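What follows is a single structure, written as structure tokens, with notes after it.
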Amino acid sequence: MEPSPDVELTQDEIDAAIPIFKKIGAMIAAKQRLPSALYELQLPWRQCISTEVAFLNSRGEVFLARRPPLAEDPAEPYPGLLHSLGVTHRTENGTQAMLRLLEMEVGADVTLDGPHRVVELDIPPDARGIYEMRIHIARVTCGTIRTKGEFYDWCTLDYDELVWSHKAIILPIALGAAAARGWISPR
0 MEPSPDVELT QDEIDAAIPI FKKIGAMIAA KQRLPSALYE LQLPWRQCIS TEVAFLNSRG
60 EVFLARRPPL AEDPAEPYPG LLHSLGVTHR TENGTQAMLR LLEMEVGADV TLDGPHRVVE
120 LDIPPDARGI YEMRIHIARV TCGTIRTKGE FYDWCTLDYD ELVWSHKAII LPIALGAAAA
180 RGWISPR
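Structure below.
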């Protein structure tokens, strides 16, 4: 099957793209975040690996942050929805990604039981791309989470306010693992 002419790049387009791709590569190597619009555009091109952590407190509540509204970030794929904390791997292994997540999201005064790895799984592809998720749980024994968000009672949480992958995959698996450890009572 011949490629459609509208998807073939001209030499001028290739020449124009090279410095941009080089700059993006330098940003990634320097561990800088891509602007949201560019980040979302590149997701379907690759297999993404994501490290996710469900943080629970001593009351068995789960920490969730709210995604920005479209007015704040027009490229936001899940405006205003809640999610547990996680990072997509850059040029790093799982341990490095976890350390970056903890450094970004958790205050220096926090003491954790964990993180404990629960599972590694592929999730069904969606419009954003193909993901492998590494799901962990951690119990905050003291201190504060740096990221803007709050602890929610998972029993009364409105699951319609969650990003789909957190509602369908991450939180059910993480909360099941927390129940198995005796951190929460099973529902």
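Residues 0 to 186 in numbering that gives the first Met the number 0 are what the sequence shown lists, from first letter to last.
Note that CB positions come from ideal geometry on N, CA and C, so glycine has one too.
Note that the structure is a prediction, hence the values are computed from the model and not measured.
Identity of the residue in the options nearest residue i by Cα
i	options	result
Glu75	Val162, Ile144, Pro18	Val162
His82	Ile122, Glu160, Leu174, Ile136	Glu160
Cys47	Ile122, Lys30, Trp182, Ile23	Ile122
Leu156	Ala96, Glu60, Phe20, Gly181	Glu60
Asp72	Val139, Trp182, Tyr38, Glu91	Tyr38
Ala167	Asp152, Leu111, Met132, Asp5	Met132
Arg138	Ile183, Ile23, Ile169	Ile183
Arg65	Arg99, Phe54, Tyr77	Tyr77
Leu170	Ile27, Ala53, Ile13, Ala29	Ala53
Per-residue burial, residue i [other beta carbons within 10 Å of its own, 16 or more giving buried]
i	result
Phe62	buried
Ile136	buried
Gly106	exposed
For residue i, three-class secondary structure by DSSP
i	result
Pro18	helix
Ile129	strand
Gln31	coil
Asp152	coil
Ile183	coil
Bridge-paired residues (DSSP) for residue i
i	result
Arg145	In the DSSP output, where bridge partners are listed per residue, Arg145 has none listed.
Val86	Thr50
Ile136	Ala53, His115
* Specify whether the region 170 to 179 and the region 114 to 121 touch according to this definition: at least 3 beta carbon pairs, one from each stretch, less than 8 Å apart. => The region 170 to 179 vs the region 114 to 121: in contact.
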